[in-house]
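Report on the following structure.
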Amino acid sequence: MKITVGQAVRKESFWERKYELEDIWDAIESGSHILISAPRRVGKTSILYKILDEPKENYIPLYVDTESADSQSEFWEKLFNALSEEEFINKFESISKGYLEKLKKLRIKKVSVLGVAFADGETVDYKEAFKRLVKDLDEDKKIIIMIDEFAQTIENIIKYDNPQNAISLLLAHRELRQDAKIASKVTFIYAGSIGLESVVSKLGVTKHINDLNNIKVPPLSSEDAKAFTQS
Ligand SMILES: Nc1ncnc2c1ncn2[C@@H]1O[C@H](COP(=O)(O)OP(=O)(O)OP(=O)(O)O)[C@@H](O)[C@H]1O
Ligand SMILES: [Mg+2]
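Here it is, written out as structure tokens:
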């Protein structure tokens with residue numbers, strides 16, 4: 041087995057995380073949106089990659105790292121770019137053609153502080169743009185949107201933009217999660233090397249994330265680690 045130091049591990053380097061993955065898939069299947077919390081370097085990103093590489097049937101995962109986003113518009117631009125990527129779209133069999141056509145029509149011209157300007161000239165807010173992009177996705181498949189380093193994005197917005205905009209992003213996500221139509225098509229998973237709960241509690245808006253199913257990931261046990269280094 042290849043030992044990789046530093047980066048998140050993938051494929052054959054991934055040491056099985058049976059219980060954590062079972063917990064996460066149970067939560068996904070029960071319709072929850074998820075917060076994966078764990079100290080640094082415990083293996084959160086590696087778990088997200090595992091979900092990305094080996095999803096259960098009828099789920100289409102999307103991974104996006106938003107660490108470098110310092111504003112709401114940068115955050116949404118990253119998410120919309122990921123949703124429009126060919127690699128993601130190709131995962132849909134039946135609707136890929138229809139969706140591609142739709143995407144062409146829905147071409148995003150610009151993501152700015154004003155919202156999202158579509159090629160047809162209309163500008164709508166980020167939440168509305170997200171709804172448009174996922175509206176036509178296959179009914180039978182559910183997308184798992186995994187947002188890594190979400191708390192870092194929130195912290196960046198507080199620091200480089202302003203706290204009100206950080207709250208506005210948290211609220212937009214909450215509203216999307218509470219939207220029955222969206223929730224039937226999308227599961228959000230948030231993770232990151234800094235704790236979302238502590239960042240959000242500094243803002244005084246813990247209620248904006250209290251609907252999330254919080255799944256804790258423990259460090260690999262010493263037996264696991266030993267078995268891992270010996271395998
Ligand atoms: N399932 C695993 N199998 C093998 N090694 C692992 C596994 N999970 C984590 N590691 C080891 O731990 C390191 C950190 O993993 P990873 O980047 O996934 O953690 P993280 O919790 O996302 O870290 P950060 O808090 O920095 O974002 C990896 O470089 C790898 O050496
Ligand atoms: Mg990570």
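When we follow this note's numbering, the leftmost residue of the sequence shown carries the number 41, and every step to the right adds one. All C-beta atoms in this analysis are idealised placements derived from N, C-alpha and C, irrespective of residue type, glycine included.
- Remark: C-beta atoms of K256 and S77 approach each other more closely than 7 Å.
- Nearest neighbour of L252 by Cα position, chosen from P259, L260, L216, turns out to be L216.
- Between K182 and Y99, the CB-CB gap stays under 7 Å.
- Distances from the CB of T85 to the heavy atoms of ligand 1 include at least one below 6 Å.
- Counting every other CB atom within 10 Å of its CB across the protein chains shown gives E195 a total of 16 or more, marking it as buried.
- A direct Cα-Cα distance of roughly 15 Å separates I87 from F228.
- Here the alpha carbons of Y200 and E117 stand approximately 17 Å from one another.
- Beyond the five residues adjoining it in sequence on each side, A157 comes within less than 6 Å, by CB distance, of K149, K150, T163 in the same chain, given in chain order.
- Secondary structure note for T85: its alpha helix (DSSP H) is the uninterrupted segment 84–93.
- Taking C-beta atoms as the reference points, L92 and I185 fail to come closer than 7 Å.
- Taking each of D160, T246, Q112, H248 in turn and checking the Cα distance to S152, the smallest one comes out for Q112.
- In the displayed model, F120 falls within a helix according to three-state DSSP.
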